[in-house]
Amino acid sequence: MKKSILILLFTCAAFLVSCTTRTYEEISEAEAATAPSYTNNVAPVIQSNCLGCHADGGQYPTLQTYEQVKDATQNGDLICRIDQTQSCGSVMPRSGAMPRQTIDMIILWQKEGYKN
C-alpha cells in the first residue's frame, strides 16, 4: 500500500514539475530555432478559425495566402482583433477568442519575422 502511495505521489510531482506557464516571449535562443512558421503553425489556425468568413469573395481581408495573412498582420488589425488587448472592434473569430497559446504563437510568428 505504501509503495502505491509513493508511486502516486512521485507521478503527481512529476506532472507538476513538467507544467510551465511560460509565454512565447520567454522563449530561449535554442527554442527560437523552432519558432513558428506560416506553413506549419499559422496556416492551420487561419484555415480552421478564419477562412469560413475571410476567403475569396468573403469578408475583408482575405486570408487565404501567406502574403495576405502577413499583410493583415503588418498593415491591418489582425493581431489586435484576435488578441483584444486594445479596443479595435469585435473579437475574431466571431465564435469566440482563440486559446491564449494560439494567439501568442501568432504574435511570436510576427515578432520572429513572418517565417514562411
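Count the sequence shown with mature numbering (1 follows the signal peptide of the UniProt record, and there is no 0) and you get residues -23 to -1, 1 to 93, in order.
For each residue, glycine too, the CB sits at the ideal point set by N, CA and C.
This one's a predicted model, so the numbers in the text were calculated from it and none came from an experiment.
State yes or no: is the C-beta of residue i within less than 7 Å of the C-beta of residue j?
i: CYS57; j: LEU40; result: no
i: GLU89; j: ALA20; result: no
i: ILE80; j: ASP60; result: yes
i: MET75; j: ASN18; result: no
Using the Cβ count rule (16 or more neighbours within 10 Å means buried), how would you classify residue i?
i: THR50; result: buried
i: TYR37; result: exposed
May I ask which residues mark the beginning and end of the alpha helix (DSSP H) holding residue i?
i: THR24; result: According to the sequence displayed, residue 24 carries Gln and not Thr. Here the alpha helix (DSSP H) through GLN24 covers 20 to 26.
i: ASP81; result: 77 to 88
i: ARG58; result: 55 to 60
i: THR50; result: 43 to 51
Return no unless some Cβ of chain D is closer than 7 Å to the Cβ of residue i.
i: TYR43; result: Checking the listed chains, one finds no chain D in this structure; it contains a single protein chain.
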